[in-house]
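If you count the sequence shown from 1, you need to add 604 to reach our numbering.
A virtual CB, placed ideally from N, CA and C, is assigned to each residue, including glycine.
Note sheet for the following structure.
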Amino acid sequence: MLETSASFRSLHSRAMLLLRLAMVTAFVLDVWRTASRALDIEAALQRHPTVMVLPQEATQLDWIILFFLFGFIARECMVPTSELPSPQLQMLYFLTAAGLGCNTVYVEAFSAEHTLLALAASAAQWLVVFAAYVLVIENVEPPHIFATLSVHKECGYPCRRPSDYLWMRVPFTLYSSWLGATAIANLTIALADMGVSLDMYIYISCFSALLMANVIALLWQGDLVFAAVGVWAFVWLEMKSAKEKVLVVDNSDEFAAVSAIQAMATLGLCVLVSIAVVLLVVRFYVRRTTNAVPKFKGPSISYYGSTT
């Protein structure tokens, strides 16, 4: 009874209420500025074309991420998570508000074509959201299939309900994975704006970093949601390169460069899908093998004078 009362007071303390208010304010401000500046951002992207910039159709994932973030914030405002220790919950609230605030700064900076400031805001946002992702993956239990795909040692999770996974872990998984792709795109834009020649070595490094992040998440946590966002990004990069290749068919140098980039996007897509399939097959085979092996029973030994 005393523990329940203390937990209630902790969840409804002044600090918690202020952090929830900060999350709500940051979310509303971010949605407002993102919607208001949508056309300006699209125009700025067209003025700063690089291979790593995803087409406008791919950025519709932003609204799916905002939907899950809205679900997380609304849930915490109405029924706060009591299983997560109070200091960690406060940190998660703070990181959520800070990440949304960084995105608002990015939207304003990029729409005004301050590419260096936009890059700084994007990098800060990714670091903040990745910290939130690490916090939730250590405290929110994933589905059983994810745990069996992972090489990460299982631990005791305080948050074990399916709703905890859906409204705490999924939002930050989507958010963190997507920001990895957008931060790399913003890096190439800033480099081009500073006059740096974006040669194949830079693009190969960008593709490698994006692929490595998704492979690590897939192997470390068995995180199919994280990898699915990576697949989404690689699919759209491949489609974008295929369209651009048709436009530069008369220019042999540009055609070769775009073809190489398309090949890298296709390779990244194949690697992620192949790893996921292999992990699923191995999991299925190991489970069948484990179930097929009978439990060992010691031999029955009879002694002289015994009844067995």
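Thinking C-alpha only, which one of V852, V711, I677 is nearest R624?
Looking at the Cα atoms, I677 is the closest of the given residues.
Identify the continuous alpha helix (DSSP H) that holds A662 and give its terminal residues.
Premise fails: A662 is in no alpha helix (DSSP H) and is neither H nor E.
Could you name each continuous alpha helix (DSSP H) segment of 4 residues or more that falls completely within the segment 800-885, going from the start of the chain to the end?
Here the runs fully enclosed are 804-825, 828-851.
Exposed or buried, which one is H616 when buried takes at least 16 other CB atoms within 10 Å?
With fewer than 16 Cβ atoms within 10 Å of its Cβ, H616 is classed as exposed.
Classify V732 as helix, strand or coil using the three-state DSSP reduction.
Here V732 sits in helix by DSSP.
Compute the distance between the beta-carbons of L633 and P775, then report whether it is under 8 Å.
By the CB criterion at 8 Å, L633 and P775 fall outside the cutoff.
The alpha helix (DSSP H) spanning Y697 covers which residue range?
Judged by DSSP secondary structure, Y697 falls within the alpha helix (DSSP H) whose first and last residues are 690-715.
Look at the Cβ atom of Y710, then the Cβ atom of A722, and state whether they are nearer than 8 Å.
Yes.
Bounding residues of the alpha helix (DSSP H) (the contiguous stretch that carries S686):
Element bounds for S686: n/a, residue is neither H nor E.
For I668, which residues of its own chain have a beta-carbon under 8 Å away from its beta-carbon, when the five flanking residues on both sides are left out?
These residues qualify, in order along the chain: L778.
Quick check: what's the CA-CA separation for N855 versus S781?
The alpha-carbon atoms of N855 and S781 are separated by roughly 35 Å.
Quick one: measure Cβ to Cβ for C763 and A728, integer angstroms, because I've assumed they're closer than 8 Å.
That pair is no contact at about 27 Å.
Of the residues S812, V800, L851, which one's Cα is nearest the Cα of H652?
Looking at the Cα atoms, V800 is the closest of the given residues.
Given this structure, state the Cα-to-Cα distance separating E745 from A831, to the nearest angstrom.
Those two C-alpha atoms are separated by around 18 Å.
Alpha-carbon spacing of A619 relative to M682, whole angstroms
When rounded, the distance between both Cα atoms is 16 Å.
CA-CA distance, G675 and T700?
Cα-Cα distance, rounded: 13 Å.
Through-space distance from A864 to S640, alpha-carbon basis:
Going from the Cα of S640 to the Cα of A864 covers about 37 Å.
In the structure shown, what three-state DSSP assignment does I655 receive?
This sequence places Val at residue 655; Ile is not what is there. Looking at V655 - three-state DSSP - the assignment turns out to be coil, as it is neither helix nor strand.
Alpha carbons only, please: which of D803, T786, I741 is nearest the one belonging to L658?
That would be T786, whose Cα lies nearest to the Cα of L658.
Beta carbon of V862 nearer than 8 Å to that of V852:
Between V862 and V852, the C-beta gap is smaller than 8 Å, which places the two residues in contact.
Please confirm whether A825 and F750 have their CB atoms less than 8 Å apart.
The sequence shown places Gln at residue 825, rather than the Ala named in the question. Their beta carbons are under 8 Å apart, which means Q825 touches F750 by this criterion.
Indicate whether A702 and W836 have their beta-carbon atoms separated by less than 8 Å.
Cβ atoms of A702 and W836: not closer than 8 Å.
Report the partner residues of V744 according to the DSSP bridge assignment.
Answer is C763.
Any idea if R773 is buried or exposed, counting beta-carbon neighbours within 10 angstroms, 16 or more meaning buried?
Looking at its Cβ environment, which holds 16 or more other Cβ atoms inside 10 Å, R773 is buried.
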